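Position one of the sequence shown corresponds to residue 10 (the working numbering), numbered consecutively onward. C-beta: ideal position from N, C-alpha, C; glycine also. Note that this is a predicted model, so its numbers are computed, not measured. Working notes for the structure below.
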Amino acid sequence: MNAGVAMQRWHFSPNRRAVSAPVVADGGVYVSNDSEVHAVDAATGQQRWRFSVGQERSDTTPPAVADGTVYVGSNDAAGHVYAMDALTGRQLWKAGTGAPVSSSSLAVADGVVYVGSRRGLCALDAASGEQRWEFGPGAVFSRPAAADGVLFVHVGGRVGGGLYALDARTGEQQWRFSTGREWNEESAPAVADGTVHVGSGSSLYAVDARSGQQRWMFLAGHSVTASPVVMNGTVYCGSWDKNLYAMDAVTGTMRWKFPTAGAVASSVAVVDGLVYVGSWDFGLYAVDAATGEKHGEFPTTDWVNSPAVLNGVAYISTRDGHVYALKTPLPPPRNPTA
Numbered sequence: 010m011n012a013g014v015a016m017q018r019w020h021f022s023p024n025r026r027a028v029s030a031p032v033v034a035d036g037g038v039y040v041s042n043d044s045e046v047h048a049v050d051a052a053t054g055q056q057r058w059r060f061s062v063g064q065e066r067s068d069t070t071p072p073a074v075a076d077g078t079v080y081v082g083s084n085d086a087a088g089h090v091y092a093m094d095a096l097t098g099r100q101l102w103k104a105g106t107g108a109p110v111s112s113s114s115l116a117v118a119d120g121v122v123y124v125g126s127r128r129g130l131c132a133l134d135a136a137s138g139e140q141r142w143e144f145g146p147g148a149v150f151s152r153p154a155a156a157d158g159v160l161f162v163h164v165g166g167r168v169g170g171g172l173y174a175l176d177a178r179t180g181e182q183q184w185r186f187s188t189g190r191e192w193n194e195e196s197a198p199a200v201a202d203g204t205v206h207v208g209s210g211s212s213l214y215a216v217d218a219r220s221g222q223q224r225w226m227f228l229a230g231h232s233v234t235a236s237p238v239v240m241n242g243t244v245y246c247g248s249w250d251k252n253l254y255a256m257d258a259v260t261g262t263m264r265w266k267f268p269t270a271g272a273v274a275s276s277v278a279v280v281d282g283l284v285y286v287g288s289w290d291f292g293l294y295a296v297d298a299a300t301g302e303k304h305g306e307f308p309t310t311d312w313v314n315s316p317a318v319l320n321g322v323a324y325i326s327t328r329d330g331h332v333y334a335l336k337t338p339l340p341p342p343r344n345p346t347a
């Protein structure tokens, strides 16, 4: 643990309650918990501000940050979304979506905030909070992805669930890809090179972004709730089977897998040839992006959320309410043969 402590640039623990994965933007680190959003200076770890939404949220969904504004959803009956000034925390607007936002992550693209709720998806004007449209085939609990004027949405539920492509301007449905009768809605879609990747059940799907036709499917040994990341022709995604997988983006063929001692529900950050991933075995790992070889690790005290890596620093958070800024590269494994 001494080596791990030496790697810390700073450590922040707002109130020892579970916090979301960190979002890093414009020199700030933003995390949320069940009732608050915290802004921390990325260089020093000093708190800049704290914004309370009362006892309205029951999850640890990351806020969304875009163009100097922080957005976060609430779990009250009206499904409020708050917009705050990223530098001061001052509330800019508050808008209702009509249903609890719950565990949905928000996405911001081209001046629109896309918010998933228990009844569907709502598009809000990013500057005013005014509703533009809504789409409601079922609950949306993961972050939508926008590309080339199309919004890709993972809808949960055994009836009406699956991956949808919508016109980002109007919300009109273009196609739907069914992932079967699985109830597994936490994986957010990732779009790259004309393909949409998303996890559902124990599978990772690759779907043609224009037609909605399946290109390939990869079957893991357990649930895939992590959101895939595509980089340099490789898809990286974890599973509850305790493995991180690397797959060829064109064929879906597995290139390597990296085993951990806990479920891998974390998304990854791929930087400078290394893949950073958190595990429920209380560890953050740095893995060679080409080979899957472990290069470094950092032990924590609880489940590790999805990391963010920027300018030689890895920012992570844990279920027990800690936020860390770590120097990279991470320390080498304590047991090099592991």
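Legend entry - Identity of the residue in 124, 272, 342 and 243 nearest residue 258 by Cα: When each option's Cα is compared against that of residue 258, the closest is 243.
Legend entry - Extent of the continuous beta strand (DSSP E) run through residue 252: 252-257
Inset, instruction - Could you tell me how far apart the beta carbons of residue 184 and residue 199 are, in whole angstroms, since I believe they sit closer than 8 angstroms? - result: Distance from residue 184 to residue 199 at the Cβ level is roughly 17 angstroms; contact not present, criterion being Cβ atoms closer than 8 angstroms.
Inset, instruction - State buried or exposed for residue 31, treating a residue as buried only when at least 16 other CB atoms are found within 10 Å of its CB. - result: It counts as buried.
Inset, instruction - Return the first residue and the last residue of the beta strand (DSSP E) that residue 1 is part of. - result: Because the chain here runs from 10 to 347, residue 1 falls outside it and cannot be looked at.
Inset, instruction - Would you check if the distance between the CB atom of residue 196 and the CB atom of residue 151 is smaller than 8 angstroms? - result: yes
Legend entry - Buried versus exposed, by CB contacts within 10 Å (16 or more), residue 316: buried
Legend entry - Cβ-Cβ distance between residue 252 and residue 277 below 8 angstroms: no
Inset, instruction - Can you tell me the Cβ-Cβ gap for residue 107 and residue 141, rounded? I've got them flagged as a contact below 8 angstroms. - result: About 14 angstroms separates the two Cβ atoms, so there is no contact after all.
Legend entry - Backbone CA spacing between residue 233 and residue 213 [nearest angstrom]: In this structure, the straight-line span from the alpha carbon of residue 233 to that of residue 213 is close to 7 angstroms.
Legend entry - Local conformation of residue 332 per DSSP, three classes: strand
Inset, instruction - Rank 138, 218 and 211 by C-alpha distance to the C-alpha of residue 158 and give the top, closest one. - result: By alpha-carbon distance to residue 158, the top candidate from 138, 218 and 211 is 218.
Legend entry - Contact set for residue 330: own chain, Cβ-Cβ below 8 angstroms, skip 5 residues either direction: 22, 23, 24, 25, 26, 27, 28 and 42
Legend entry - Counted within 10 angstroms of its Cβ, other Cβ atoms place residue 36 as buried (16 or more) or exposed: Exposed, because fewer than 16 other Cβ atoms sit within 10 Å of the Cβ of residue 36.
Legend entry - Contact under 8 angstroms by Cβ, residue 333 with residue 17: yes
Inset, instruction - Tell me residue 249's beta-bridge partners as DSSP assigns them. - result: Bridge partners of residue 249 according to DSSP: none are assigned.
Inset, instruction - Buried or exposed for residue 188, please, with buried defined as at least 16 other CB atoms from any protein chain shown within 10 angstroms of its CB. - result: buried
Legend entry - Neighbour-count burial assignment, residue 220, 16 or more Cβ in a 10 Å radius: Exposed.
Inset, instruction - Could you check what DSSP says for residue 10 in three-state terms: helix, strand or coil? - result: Its pLDDT being 41, under 50, residue 10 is placed unreliably by the model, and nothing is read from it.
Inset, instruction - Run through the stretch 160-196 for me and flag every whole beta strand (DSSP E) of 3 or more residues, listed as ranges in chain order. - result: 171-176 and 182-186
Inset, instruction - Can you give me the Cβ contacts of residue 139 inside the same chain, cut-off strictly under 6 angstroms, excluding the 5 residues immediately before and after it? - result: none
Inset, instruction - Just confirm the distance between the C-beta atoms of residue 104 and residue 90, as a whole number of angstroms; I'd bet it's less than 8 angstroms. - result: 5 angstroms
Inset, instruction - Tell whether a beta-carbon distance below 8 angstroms holds between residue 135 and residue 120. - result: yes
Legend entry - 7 angstroms CB neighbourhood of residue 268 in its chain, flanking five on each side removed: 251 and 252
Inset, instruction - Going by CA-CA distance only, name the one from 126, 314 and 51 that's closest to residue 143. - result: Answer by Cα proximity: 126.
Legend entry - residue 209 to residue 228 span [Cα, whole Å]: 10 angstroms
Legend entry - Distance, residue 123 Cα to residue 10 Cα: In this prediction, residue 10 scores a pLDDT of 41, lower than 50, which makes its location untrustworthy; the coordinate-derived value is nonetheless stated afterwards. Cα to Cα, the separation comes out at about 41 angstroms.
Inset, instruction - Confirm, please, whether the CB-CB distance from residue 147 to residue 162 is below 8 angstroms. - result: no
Inset, instruction - Buried or exposed for residue 168, please, with buried defined as at least 16 other CB atoms from any protein chain shown within 10 angstroms of its CB. - result: exposed
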